[in-house]
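**Student:** Residue numbers for the sequence shown follow our numbering, so the first one is 124 and each next one is one higher.
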Amino acid sequence: MNKQKEYQIRRSSRAKRARIIVTAEKVEVVAPLRMPEKQIQQFMRAKQDWVETAKNKMQQHVDNMTSLAPDSYQQGVLIPYQGKQYTLQVKASLEKNVKIAFEQDFIAYVPEALKGLGLSEQIRQALVIWMGRAAARQAVKTMDHYAPLYQLNPRSISIKAQKSRWGSCGIHNDINLNWLLILAPAEVFEYVVIHELCHIGQRNHSAAFWVLVERHCPDYKQRRSWLKQNGASLMLGL
Ligand SMILES: [Zn+2]
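Structure representation (structure tokens):
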């Protein structure tokens, strides 16, 4: 492989010494204006291992960004739900609209006359609605379990489609949860519910807040790190 092509050199008048920037697209070395090219090459050779590690990390990050959703919604594809993948079956029915059922697998009942047409987008939309309802049921169940333990009682619970957050707790203790959490493992869903409930007791992310979270959920750090690692791909939705 041609060594020259492995990284790009950018000269900067502000650079006091060479430094390396690794992004998903490229490796770049920012060098002082007068640093001889040969010295830059030496520098890069010395940093080879570091660059390799950084590139791998970046690649992992890119891989994690892969959507959990199938490319299209048809017979046999996999649907994420509560941290697992389930097969989608498409069956003809006498219904007028697409209906979703969950019995070991996901079943999309589609109108008999339209079965041959694919209906990928209609199936997707019906699944999103189904997931939202499943998220609501799960949220109520989890809150009913945890709220009484420390008297953290929300005024309301809503399931929302949010692009950038997993949950929130308003000043009047109205809790919002992102429906996409139903695609994550059940423990992660539970953690976010507990997190928002604890905001009823502590409005911030102070040490006292995390103590409260930990009391409900001793392994919250693991659940939280799952969300950090997989959150971006989860946010891509169905
Ligand atoms: Zn919070």
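We put the CB at the ideal spot given by N, CA and C, even for glycine.
1. Answer yes or no: the CB of His-318 versus the heavy atoms of ligand 1, is any distance below 7 Å?
2. At a threshold of 7 Å, does His-184 count as lining ligand 1 (C-beta to nearest heavy atom)?
3. Excluding the five sequence neighbours on either side, which residues of its own chain have a C-beta within less than 8 Å of the C-beta of Lys-178, listed in chain order?
4. When you compare the CB positions of Ala-141 and Ala-154, do they come within less than 8 Å of one another, or not?
5. Give the DSSP-derived three-state secondary structure of Asn-290 in the structure shown.
6. Would you kindly work out how many angstroms separate the C-alpha atoms of Leu-211 and Phe-229, rounded to a whole number?
7. Given that a residue counts as buried once 16 or more other Cβ atoms are within 10 Å of its Cβ, and exposed if not, what is Asn-301?
8. Are there three or more Cβ pairs, one per stretch, closer than 8 Å when the region 314-327 is compared with the region 258-274?
9. For Tyr-130, which three-state DSSP category applies?
10. Looking at Ile-223 and Ala-231, is the spacing between their C-beta atoms short of 8 Å?
11. Could you pull out every unbroken beta strand (DSSP E) segment of at least 3 residues lying fully inside the region 147-186, listed in chain order?
12. Considering only residues of the same chain and omitting the five flanking positions on each side of Ile-282, which have a CB-CB separation below 7 Å?
13. Quick check: the Cα distance between Val-213 and Tyr-130, rounded to an integer number of angstroms?
14. Report the rounded CA-to-CA distance for Ile-143 versus Leu-156, giving the unit in angstroms.
15. How big is the Cα-Cα spacing for Lys-344 and Phe-332?
16. Can you give me the Cβ contacts of Arg-338 inside the same chain, cut-off strictly under 7 Å, excluding the 5 residues immediately before and after it?
17. Throw me the rounded Cβ distance for the Pro-234 and Glu-218 pair, which I believe falls under 8 Å.
**Tutor:** Working from what's here:
1. In the sequence shown, residue 318 corresponds to position 195, counting from 1. Between ligand 1 and His-318, a heavy atom-to-CB distance of less than 7 Å is present.
2. In the sequence shown, counting from the first residue as 1, residue 184 sits at position 61. Flag unset: Cβ of His-184 not near ligand 1.
3. On the sequence shown, position 55 is the one that residue 178 refers to. Correct list, in chain order: Val-145, Val-150.
4. Taking the first residue of the sequence shown as position 1, residue 141 is located at position 18. Taking the first residue of the sequence shown as position 1, residue 154 is located at position 31. Taking 8 Å as the cut-off, the beta carbon of Ala-141 is found closer than this to the beta carbon of Ala-154.
5. Along the sequence shown, one-based indexing puts residue 290 at 167. It should be noted that the sequence gives Gly, not Asn, for residue 290. The three-state secondary structure of Gly-290, taken from DSSP, is strand.
6. One-based indexing of the sequence shown puts residue 211 at position 88. One-based indexing of the sequence shown puts residue 229 at position 106. Straight-line Cα distance between these residues: approximately 5 Å.
7. Along the sequence shown, read from residue 1 onward, the residue named residue 301 stands at position 178. Asn-301 sits buried, since 16 or more C-beta atoms from the chains shown fall within 10 Å of its C-beta.
8. Output reads yes: the region 258-274 touches the region 314-327.
9. For the purposes of this step, residue 130 is identified with residue 7 of the sequence shown, where counting begins at 1. Correct three-state label for Tyr-130: coil.
10. One-based indexing of the sequence shown puts residue 231 at position 108. One-based indexing of the sequence shown puts residue 223 at position 100. Yes, Cβ-Cβ distance for Ala-231 and Ile-223 is below 8 Å.
11. 150-155
12. Counted from its first residue, the sequence shown places residue 282 at position 159. Excluding residues within five positions, the ones whose Cβ falls inside 7 Å are Gly-255, Ala-258, Ala-259, Ala-262, Leu-300, Trp-302.
13. Position 90 of the sequence shown, counted from the first residue, corresponds to residue 213. Position 7 of the sequence shown, counted from the first residue, corresponds to residue 130. Taking the straight line joining both Cα atoms gives about 49 Å.
14. Start at 1 with the first residue of the sequence shown, and residue 143 comes out as number 20. Start at 1 with the first residue of the sequence shown, and residue 156 comes out as number 33. Cα to Cα, the separation comes out at about 15 Å.
15. Working through the sequence shown from its first residue, we reach residue 344 at position 221. Working through the sequence shown from its first residue, we reach residue 332 at position 209. Near 13 Å, if we compare the C-alpha coordinates of Phe-332 and Lys-344.
16. Stepping through the sequence shown from its first residue, residue 338 is reached at position 215. Cβ neighbours of Arg-338 beyond the five flanking positions: none.
17. Within the sequence shown, numbered from 1, the residue matching residue 234 stands at position 111. Within the sequence shown, numbered from 1, the residue matching residue 218 stands at position 95. Pro-234 to Glu-218, Cβ: 6 Å. Contact.
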